[in-house]
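Trainee: Would you mind keeping the following structure in view while I ask a few things?
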Amino acid sequence: MKNKTGLLPAGSPQNEGGNSPRSMLMLASSMLIFGTIGIFRRHIPLSSALLSFIRGAIGSVFLLAFVRLRGRKIRHGLPRRILILLIVSGTMIGINWILLFEAYNYTTVATATLCYYMEPTILVLLSPIFFREKLTPKKLICAAAAFAGMVLVSGAAGEGIPQGDALVGILFGLSAAVLYAGVVIMNKMIRNVDPYEKTILQLSSASVCLLPYLLATGQFSRIELVPSAAVLVLIVGLVHTGIAYALYFGSTDGLQAQTIAVMSYLDPVSALLFSAFLLKEPISAGGIPGAVLILGAALISEWH
């Protein structure tokens, strides 16, 4: 199972006997938090690179403190191969955030979210190359359904190919999905690493990789935030990253793997609803059936 973060709870056992109500509440809370990040991004006047840097920095520091307070130890001396994979995947996460935040800037939160959730389809198509998995008829049908859904969401079926900002936003969202798929592939190669430890290293790598670019472009000297915007930035770092990840990873031990997969779709569904009701963003005629096709195909392709 994966979520909007591009991070996997690999290495954390799932409960095969039943689902803990407390764990279900924790997971649902984390998914709903992830679903609101597009709303907050809309009201933060920072570049996507700078916001991604701050998010990774605050989130990694929070999780490190959280792990320390719980008495868990961070292992040192990881194998070189694993460390390289963590750093590279963390760098990809940082760039992935930038692409997603830019998608929010250029198109609606709903469209950006649905473009991003093309990732399972992209992963299915790449699985024969990286994991030597067969493309079964079910997976091919799901991939075709997701593509049809993307056509409907983009408006290409009725109004023709999107133009201007709408097209740019869609391309950013789809690029983020491709990078997201790459992160998932790399995470599958990282085994026997504590999920908190892995996440801390990846989030810190996401920030560090962006630092040279931010320094070279002088973005730190141009930070001008009113108090309300500064609070929103802190919320994205603490709540949408640190607390959401802590809730997410803390819930997986008490849930069955299939339950985690199904509940993860609270994230995109809630993002669509928040987009419509809080931002008053219009939903096109093809938006709802397109969303059903994309999310339904992603869910069915993961259902074993």
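The sequence shown runs contiguously to residue 1030 in the numbering used here. Backbone N, C-alpha and C fix where the C-beta goes; we use that ideal spot for every residue, glycine too.
Could you tell me the distance, in whole angstroms, from the CA atom of Gly816 to the CA atom of Leu927?
Mentor: Distance between the alpha carbons of Gly816 and Leu927 is about 7 Å.
Trainee: Does the Cβ-Cβ distance between Gln982 and Asn745 come in under 8 Å?
Mentor: yes
Trainee: Cα-Cα, which of Ile819, Leu812 and Cys868 is closest to Thr967?
Mentor: Ile819
Trainee: Mind reading off the beta-carbon distance from Ile810 to Ala775? Whole number of angstroms is fine, and I expect it under 8 Å.
Mentor: With 8 Å as the limit, Ile810 and Ala775 do not qualify as a contact, their Cβ atoms being about 23 Å apart.
Trainee: Is Arg794 helix, strand or coil by DSSP?
Mentor: helix
Trainee: If you compare alpha carbons, which of Ile896, Ile821, Val814 and Lys799 is closest to Thr839?
Mentor: Ile896
Trainee: Evaluate contact between the region 775-784 and the region 954-964, counting only Cβ atoms and requiring at least three cross-stretch pairs below 8 Å.
Mentor: yes
Trainee: Within 10 angstroms of the Cβ of Phe946, are there 16 or more other Cβ atoms? Answer buried if so, exposed if not.
Mentor: Counting other Cβ atoms within 10 Å of its Cβ, Phe946 stays below 16 and is therefore classed as exposed.
Trainee: If contacts are defined as beta-carbon pairs under 8 Å, then Ala997 and Val879 qualify, I think. What distance do you get, rounded to the angstrom?
Mentor: Not confirmed; about 13 Å, so no contact.
Trainee: Are Leu861 and Tyr842 close, meaning C-beta to C-beta below 8 Å?
Mentor: No, they are not a contact pair.
Trainee: Residue range of the alpha helix (DSSP H) that Gly820 falls in?
Mentor: That run of the alpha helix (DSSP H) goes Arg806 to Tyr832.
Trainee: Is the CB-CB distance between Leu936 and Ser778 below 8 Å?
Mentor: yes
Trainee: According to the neighbour-count rule (16 or more other Cβ atoms, all chains shown, within 10 Å of its Cβ), is Leu789 buried or exposed?
Mentor: buried
Trainee: Does the separation of the CB atoms of Val910 and Leu849 fall below 8 Å?
Mentor: yes
Trainee: Do the region 753-767 and the region 916-933 make contact, defined as three or more Cβ pairs closer than 8 Å?
Mentor: no
Trainee: Is the separation between the beta-carbon of Glu950 and that of Ala903 shorter than 8 Å?
Mentor: no
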